[in-house]
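> If you scroll down you'll find the structure; I have some questions about it.
Numbering (my numbering), first residue to last: 35 to 732.
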């Protein structure tokens, strides 16, 4: 038996795990790593099932090439040669598109090689799960602080008051807020006399354990937050403690959103709005945190902006116990170029680029619409947009019209079934792991590296797969990693003797050495349980990258969108709207093939208030219809959801899937119902919450 220590790669909590393996390399037990200074032994059902996921018999072990409707296993050389021949026939690189899925944020390969691959392909048609998830937060942070990755997180371990909107960390484990044992951290706030308030259309597990739960109509969070801002100004409760631009512009804008007016739009009583504002202002320390429920709506960027406006107005931005900026060990030296969007636009709908990406909501347009630049060649990495993108049924049809598609993915799934070549990465335990992205959102500064546990054998690592694709696309003669290392060190003006058994490890070593703590790969190997780098510390104005060097409270792009928000203020909300739902034992579509994680509460049902069931004379099943599609769903009546709102979990719809367990628990895809024409304008993020629907008896 062998015991190893490793970071869990299955969600954003970065929990430390202790795994026991037998002589055959099979995982016999998974426990929380009690010596990890960040997670301290916490583990959730996903982490406990890591061995089952790692040894899933439906995971592909060899490349597949599609010939007609049949699949053939081929050698790695033949698979790459097939891709190379297809690329040689592409005369216009703007007919190529790239889609990066959610799991790519949980791998070293995704963090280190996605950008070089995109540059090598030479296309501007880049899409990712970010515009189905979190882009509003990146845009708001970019406009306020000058960089889209400078995202303040709630200082959970020191705050006295936490207001959460559209977040359910007891089931998601946190998002854009890396915090292992989020449940324990929330309990600690209450134990030390603090208060936790959750605003959500559902009484989620998180809301049920909070001090207070406030129902809010889906899609109206920006109105509620503006009501808080109005109250802070009207009652002279502001105490701005950082240097800002635009304070008076925000004050003027807030005059249009008094609590008595926004109460009608949000469903939150006027007195509750006023009280929440007063409590935030009076608390010794406080933080407002909003997540996916507020991002995936029509005014997602305004909601995310207003979160940090409130944090700023109450004196809690960049302050212990408030909203603070982490300092990750691999944080690069970032340029001071002002943040901007719209450097190019999509061909069909002329939607602006954001963070180098176009909205995934327009990917089908780019494939279906003839003309110069029509997308004919697609590369997908660790993604299943047929189930995760808006109007997935349309994408399913569009993918079938492509000339060529290559997918880096361990599964033959609803998306990759359209591919001509599938390049499967190795098992989790055969891969090194470092959380480049997630540690940038940690509520305590921390770092940890997990080397591979099992040998690769004759197959390439995921990093090598991505690097080889980039070399094929660029025609580079030489080692991609050494090329990147040489360029980076020349730019930094330093010489380093790097260590590491692979190119990816050498690049990690370089980034650690150039980072703010001067660490190294060797230092991380010497500390297999991870390193505690201390609590968050104030970082303004160090991290500001705005042209003014100040926090921009009133960016023009967002003030323009406030006018659109005002126009909607008196508009009557739809009679019935759809929202999503998170499950503790799931992370989008890619964990539905693990038998230990399916069943129980992890089911694809439509939650609906009993009053709506009675009003509409519904039975056990019903038909739900939207502007884009129709589904037959199994109802789950519950008073945990407010009347006029229904909830369907994300990532299901595995009918006819090649994944055995997923096919047995197929469910239905909520994204048959979501409208790809509806987006948050500043960020291009798809709208998944507040989707107008009708419900009828079957």
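Even glycine gets a Cβ: it sits at the ideal position worked out from N, Cα and C.
So, at 7 angstroms on beta carbons, what are the nonlocal neighbours of residue 716 in its own chain, with the 5 sequence-adjacent residues on each side left out?
As a first step, residue 716 is located in the chain shown; it is residue number 682 there, counting from the start. Excluding residues within five positions, the ones whose Cβ falls inside 7 angstroms are 173, 335, 591, 592 and 595.
> Could you tell me the alpha carbon to alpha carbon distance between residue 65 and residue 53, rounded to whole angstroms?
Taking the first residue of the chain shown as 1, we reach residue 65 at position 31. Taking the first residue of the chain shown as 1, we reach residue 53 at position 19. Each residue's alpha carbon lies about 6 angstroms from the other.
> Near residue 585, which residues of its chain fall below 8 angstroms by C-beta distance, leaving aside the five closest residues on each side in sequence?
Here residue 585 is taken as the residue at index 551 of the chain shown, counted from 1. If we look at residue 585 and ignore the five residues flanking it on each side, its Cβ neighbours are 178, 179, 276, 277, 278, 279, 346, 351, 574 and 578.
> Starting from the N-terminal side, write out each stretch of the beta strand (DSSP E) that is 3 residues or longer and does not extend beyond the stretch 107 to 182.
List check, beta strand (DSSP E) in window: 130 to 134 and 160 to 162.
> Can you list, in chain order, the residues of its chain whose CB lies under 6 angstroms from that of residue 649, leaving out five sequence neighbours each side?
Residue 649 sits at position 615 when you count from the first residue of the chain shown. Answer for residue 649: no residue qualifies.
> Is the beta carbon of residue 496 closer than 8 angstroms to that of residue 465?
The residue labelled residue 465 in the question sits at position 431 within the chain shown. The residue labelled residue 496 in the question sits at position 462 within the chain shown. Cβ atoms of residue 465 and residue 496: closer than 8 angstroms.
> Buried or exposed for residue 545, please, with buried defined as at least 16 other CB atoms from any protein chain shown within 10 angstroms of its CB.
Within the chain shown, residue 545 is the residue found at index 511, counting from 1. Counting Cβ neighbours within 10 Å, residue 545 comes out buried, since at least 16 surround it.
> To the nearest angstrom, report how far apart residue 208 and residue 309 are at their CA atoms.
Here residue 208 refers to the residue found at position 174 of the chain shown. Here residue 309 refers to the residue found at position 275 of the chain shown. Computed Cα separation, rounded: 26 angstroms.
> Quick check on residue 435: buried or exposed, where buried means 16 or more other Cβ atoms within 10 Å of its Cβ?
Walking along the chain shown from the start, residue 435 turns up at place 401. With fewer than 16 Cβ atoms within 10 Å of its Cβ, residue 435 is classed as exposed.
> Tell me which residue opens and which closes the beta strand (DSSP E) that residue 641 is part of.
In the chain shown, counting from the first residue as 1, residue 641 sits at position 607. Run containing residue 641: 640 to 642, per the beta strand (DSSP E) assignment.
> Grab the span of the alpha helix (DSSP H) containing residue 398 for me, first residue to last.
Here residue 398 corresponds to residue number 364 of the chain shown, with the count starting at 1. Residues 397 to 402.
> So, helix, strand or coil for residue 408, using DSSP?
Stepping through the chain shown from its first residue, residue 408 is reached at position 374. Reduced to three states, the DSSP call for residue 408 is coil.
> Are the beta-carbon atoms belonging to residue 214 and residue 566 less than 8 angstroms from one another?
Residue 214 sits at position 180 when you count from the first residue of the chain shown. Residue 566 sits at position 532 when you count from the first residue of the chain shown. No, the Cβ-Cβ distance between residue 214 and residue 566 is not below 8 angstroms.
> From 408, 353 and 451, pick the residue whose C-alpha is nearest to that of residue 103; which is it?
Within the chain shown, the letter at position 69 stands for residue 103. Taking only the C-alpha atoms, the option nearest residue 103 is 451.
> Could you give the residue range of the beta strand (DSSP E) that holds residue 438?
Mapped onto the chain shown, residue 438 falls at position 404. Counting along the chain, the beta strand (DSSP E) containing residue 438 begins and ends at 438 to 442.
> Buried or exposed: where does residue 528 fall if 16 or more other Cβ atoms within 10 Å of its Cβ makes it buried?
As a first step, residue 528 must be located in the chain shown, where it is residue number 494. With fewer than 16 other Cβ atoms within 10 Å, it is exposed.
> Taking Cβ to Cβ, would you say residue 395 is nearer than 8 angstroms to residue 165?
Residue numbering aside, residue 395 sits at position 361 when the chain shown is read from its first letter. Residue numbering aside, residue 165 sits at position 131 when the chain shown is read from its first letter. Yes, they are a contact pair.
> Return helix, strand or coil for residue 77, following the three-state DSSP convention.
Residue 77 sits at position 43 when you count from the first residue of the chain shown. Correct three-state label for residue 77: coil.
> Is the beta carbon of residue 727 closer than 8 angstroms to that of residue 667?
Against the chain shown, residue 667 aligns to sequence position 633. Against the chain shown, residue 727 aligns to sequence position 693. Result no, Cβ atoms of residue 667 and residue 727 do not sit closer than 8 angstroms.
> Excluding five sequence neighbours on each side, which residues of the same chain lie with their C-beta closer than 7 angstroms to the C-beta of residue 460?
On the chain shown, position 426 is the one that residue 460 refers to. 490, 493, 495 and 496.
> Apart from the five residues just before and just after residue 427, which ones in its own chain have a Cβ nearer than 7 angstroms to its Cβ?
Taking the first residue of the chain shown as 1, we reach residue 427 at position 393. Correct list, in chain order: 663 and 706.
> In chain order, what residues of the same chain lie with their CB nearer than 8 angstroms to the CB of residue 323, ignoring the 5 residues before and after it?
Taking the first residue of the chain shown as position 1, residue 323 is located at position 289. So the list reads 187, 188, 196, 197, 198, 199, 201, 211, 341 and 357, once near-sequence residues are dropped.
> Taking a contact to mean a Cβ-Cβ separation below 8 angstroms, would you say residue 135 touches residue 418 in this structure?
As a first step, residue 135 is located in the chain shown; it is residue number 101 there, counting from the start. As a first step, residue 418 is located in the chain shown; it is residue number 384 there, counting from the start. In this structure, residue 418 lies closer than 8 angstroms to residue 135 by Cβ.
> Suppose the cutoff is 7 angstroms on Cβ atoms and the five residues either side in sequence are ignored; what does the same chain contact list for residue 504 look like?
Reading the chain shown from its first residue, position 470 is the one you call residue 504. So the qualifying residues of the chain are 147, 150, 151, 154 and 514.
> Fully enclosed by the stretch 276 to 333, which beta strand (DSSP E) runs are 3 residues long or longer?
Counting whole runs of 3 or more residues, the stretch 276 to 333 contains the beta strand (DSSP E) stretches 321 to 324.
> What number of angstroms, rounded off, separates the C-alpha of residue 284 from the C-alpha of residue 263?
To locate residue 284, count along the chain shown from 1; it is residue 250. To locate residue 263, count along the chain shown from 1; it is residue 229. Approximately 9 angstroms between the Cα atoms of the pair.
> Taking Cβ to Cβ, would you say residue 289 is nearer than 8 angstroms to residue 631?
Here residue 289 corresponds to residue number 255 of the chain shown, with the count starting at 1. Here residue 631 corresponds to residue number 597 of the chain shown, with the count starting at 1. Not a contact, by the Cβ cut-off of 8 angstroms.
> Thinking just about the alpha-carbon of each residue, which of 139, 339 and 38 is nearest to the one in residue 589?
Translated into the one-based positions of the chain shown, residue 589 becomes position 555. Among 139, 339 and 38, the Cα nearest to that of residue 589 belongs to 339.
> Per DSSP, which one or two residues make a beta bridge with residue 568?
Against the chain shown, residue 568 aligns to sequence position 534. DSSP lists 479 as partners of residue 568.
> What does a CB cutoff of less than 7 angstroms around residue 599 pick up in its chain, not counting 5 residues either side in sequence?
The count along the chain shown starts at 1 and reaches residue 599 at position 565. If we look at residue 599 and ignore the five residues flanking it on each side, its Cβ neighbours are 256, 333 and 336.
> Compute the beta-carbon to beta-carbon distance between residue 304 and residue 294, rounded to the nearest angstrom, for a pair I have assumed lies under 8 angstroms.
Position 270 of the chain shown, counted from the start, is the residue given in the question as residue 304. Position 260 of the chain shown, counted from the start, is the residue given in the question as residue 294. 5 angstroms between Cβ atoms; contact.
> Could you give the distance in angstroms between the alpha-carbon of residue 273 and the alpha-carbon of residue 485?
Here residue 273 refers to the residue found at position 239 when the chain shown is read from its first residue. Here residue 485 refers to the residue found at position 451 when the chain shown is read from its first residue. Taking the straight line joining both Cα atoms gives about 47 angstroms.
> In whole angstroms, what is the alpha-carbon distance linking residue 587 and residue 374?
Counting from one through the chain shown, the residue named residue 587 turns up at place 553. Counting from one through the chain shown, the residue named residue 374 turns up at place 340. Near 16 angstroms, if we compare the C-alpha coordinates of residue 374 and residue 587.
> Hey, quick one: how far does the alpha helix (DSSP H) through residue 101 stretch, first residue to last?
As a working note, residue 101 is residue 67 in the chain shown. Looking at the DSSP string, residue 101 is not in any alpha helix (DSSP H); the run it does join, the beta strand (DSSP E), is 98 to 101.
> What separation, rounded to the nearest whole angstrom, lies between the Cα atoms of residue 269 and residue 432?
Taking the first residue of the chain shown as position 1, residue 269 is located at position 235. Taking the first residue of the chain shown as position 1, residue 432 is located at position 398. Rounded to the nearest angstrom, the two C-alpha atoms are 54 angstroms apart.
> Quick one, are the C-beta atoms of residue 458 and residue 94 less than 8 angstroms apart?
Here the question's residue 458 lines up with position 424 in the chain shown. Here the question's residue 94 lines up with position 60 in the chain shown. Contact flag set, yes.
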